[in-house]
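**Q**
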Amino acid sequence: MRVSQVARSCFNTLRLNIRPAPMTRSHFTYYPTAVGPGDAKKMNMFTAINNAMDLALQEDSTALLFGEDVGFGGVFRCSVNLRDKYGKDRVFNSPLCEQGIAGLFNSISFQVAELAKEKHNIDCEVIDLVSILPWDTDTICNSAKKTGRVVIAHEAPFTQGFGSEIAAYIQDKCFLNLEAPVKRVTGWDTPFPHVFEPFYLPDKLRCLTAIKDIVNY
């Protein structure tokens, strides 16, 4: 009984000493850093980035600045006036072009056609879609009806890639003319580090294998 009374007394004492947490505000008070000695000056993010690139170009005569629209000031205007100051040989726009990037891959969607002809005596028609909305349904369907076989190659993953839309359209419009199911050669349905990009993207051997498969179907 005495132990119980002592425990109860300790609990009551502890409860009396407990106070609810004070109400706190959801914001904080900003105290600006005092400017020290030297040439420090107040800048926002935009001017700080512009100043950093300016100093790099000024202190290193071999430094270059190039990228998307940087010659005109950049997408966010962070390189504004730098081309005028350091010249177009050091500050310039890079040849960034999505169509060009796609064109580099499409040179393969042609190499495979040459290999198919050379090694297997298979004539292929190569169709390079310039856009996917709208896309050239007439050219695709005419080719599918003439050849009876279609291989779709793209860099996107297999699942939910635009090749699925093309395959569905061909099945709907050209089903009776097909000699084999539409074949897709795509990226894999998995994330990948860039170091493994050659194993992820459809290459010549994968495309050539797809051609052989549909011809021998």
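Residue numbers (our numbering): 1119 to 1335.
Virtual Cβ for every residue (Gly too), placed ideally from N, Cα, C.
1) Only counting the same chain, and skipping five residues up and downstream in sequence, which positions put a Cβ closer than 6 Å to that of residue 1301?
2) Let me know if residue 1326 comes out buried or exposed under the rule of 16 or more other beta-carbons within 10 Å of its beta-carbon.
3) If we ignore side chains and look at the alpha-carbon of each, how far apart do residue 1253 and residue 1178 end up?
4) Quick one: give me the first and last residue of the beta strand (DSSP E) that residue 1271 is part of.
5) Name the one or two DSSP bridge partners that residue 1192 has.
6) How is residue 1303 classed by DSSP in three states: helix, strand or coil?
7) Using the Cα positions of residue 1211 and residue 1311, report the straight-line distance between them to the nearest angstrom.
8) Can you list, in chain order, the residues of its chain whose CB lies under 6 Å from that of residue 1158, leaving out five sequence neighbours each side?
9) May I ask which residues mark the beginning and end of the beta strand (DSSP E) holding residue 1185?
10) Could you tell me which of 1164, 1259, 1204, 1193 sits nearest to residue 1183, measuring between CA atoms?
11) Is DSSP giving residue 1169 helix, strand or coil here?
12) For residue 1210, which three-state DSSP category applies?
13) Grab me the residues of residue 1277's own chain with a C-beta within less than 7 Å of its C-beta, minus the 5 sequence neighbours each way, in chain order.
14) Kindly give me the distance between the Cβ atoms of residue 1196 and residue 1168, rounded to whole angstroms, as I take these residues to be in contact under 8 Å.
15) Can you find the residues in the same chain that come closer than 7 Å, C-beta to C-beta, to residue 1250, ignoring five residues on each side of it along the sequence?
16) Could you tell me which of 1174, 1330, 1260 sits nearest to residue 1293, measuring between CA atoms?
17) Would you decide whether residue 1271 is buried or exposed? Buried here means 16 or more other CB atoms lie within 10 Å of its CB.
18) Helix, strand or coil, according to DSSP, for residue 1240 in the structure here?
19) Going by DSSP, what residue range makes up the alpha helix (DSSP H) through residue 1335?
20) Three-state secondary structure (DSSP) at residue 1248?
21) When you compare the CB positions of residue 1263 and residue 1295, do they come within less than 7 Å of one another, or not?
**A** According to the structure data:
1) Only 1269, 1328, 1332 meet the Cβ criterion.
2) Buried.
3) Distance between the alpha carbons of residue 1253 and residue 1178 is about 49 Å.
4) Where residue 1271 is concerned, the enclosing beta strand (DSSP E) stretches over 1269–1275.
5) Within the DSSP bridge table, the entry for residue 1192 names no partner.
6) DSSP places residue 1303 in strand when its eight states are reduced to three.
7) Each residue's CA atom was taken as its position, placing residue 1211 and residue 1311 some 28 Å apart.
8) If you ignore the 5 residues before and after residue 1158, its C-beta comes within less than 6 Å of no other C-beta in its own chain.
9) Counting along the chain, the beta strand (DSSP E) containing residue 1185 begins and ends at 1183–1185.
10) If we check each option's Cα against that of residue 1183, 1204 comes out closest.
11) Looking at residue 1169 - three-state DSSP - the assignment turns out to be helix.
12) Secondary structure of residue 1210 (DSSP, three-state): strand.
13) Once the five neighbours on either side are set aside, the close Cβ partners of residue 1277 are 1307.
14) With 8 Å as the limit, residue 1196 and residue 1168 qualify as a contact, their Cβ atoms being about 5 Å apart.
15) The answer, listed in chain order, is 1280.
16) Considering only 1174, 1330, 1260, the residue with the shortest C-alpha distance to residue 1293 is 1260.
17) So residue 1271 counts as buried.
18) Residue state, collapsed to three classes: coil.
19) Neither: residue 1335 is in no alpha helix (DSSP H) and is coded neither H nor E.
20) If DSSP states are grouped into helix, strand and coil, residue 1248 belongs with coil.
21) Contact: yes.
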